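Here the numbering used here is used: the first residue of the sequence shown is 4, the next is one more, and so on.
Every residue gets a Cβ at the ideal spot worked out from N, C-alpha and C, and that includes glycine.
Remember, it's a predicted structure, so these values are computed and weren't measured experimentally.
One structure is given here, and the rest of the page talks about it.
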Amino acid sequence: MAQERGWDVLLDAAAFVPTNRLDLSLHKPNYVPVSFYKIFGYPTGIGALLVRRDSFGKLKRPTFAGGTVWAASSLGNWHIPADEHERFEDGTVN
4 MAQERGWDVL
14 LDAAAFVPTN
24 RLDLSLHKPN
34 YVPVSFYKIF
44 GYPTGIGALL
54 VRRDSFGKLK
64 RPTFAGGTVW
74 AASSLGNWHI
84 PADEHERFED
94 GTVN
């Protein structure tokens, strides 16, 4: 109902996912944060944000770091972010 009216939906599943099955084919939120600490019990501060493909364009990064851009210029004060999830994954892929 909210999505039909133009709102994005965030389903906070951090406490639900460790003990229940979340069916994302039935519930179709734009964003779902989960806590690895609540799932595995360790480590703290680690989790994930599940994002629907059609919602990636709405997310903006205030900064960028290695692996999150295709190109950058310090003289021109511009950068080209990587595609979709890659622009949110700091560091170099191992």
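- In this structure, Leu62 keeps its C-beta atom at 9 angstroms or more from the C-beta atom of Phe39.
- Between Ala5 and the set Ala17, Asn23, His30, the nearest pair of CA atoms involves His30.
- If you keep only unbroken beta strand (DSSP E) runs of at least 3 residues inside the region 29 to 71, you get 34 to 38, 50 to 54.
- Going by C-alpha positions, Ala74 is about 13 angstroms away from Glu89.
- Tyr34 places its beta carbon less than 9 angstroms from that of Asp11.
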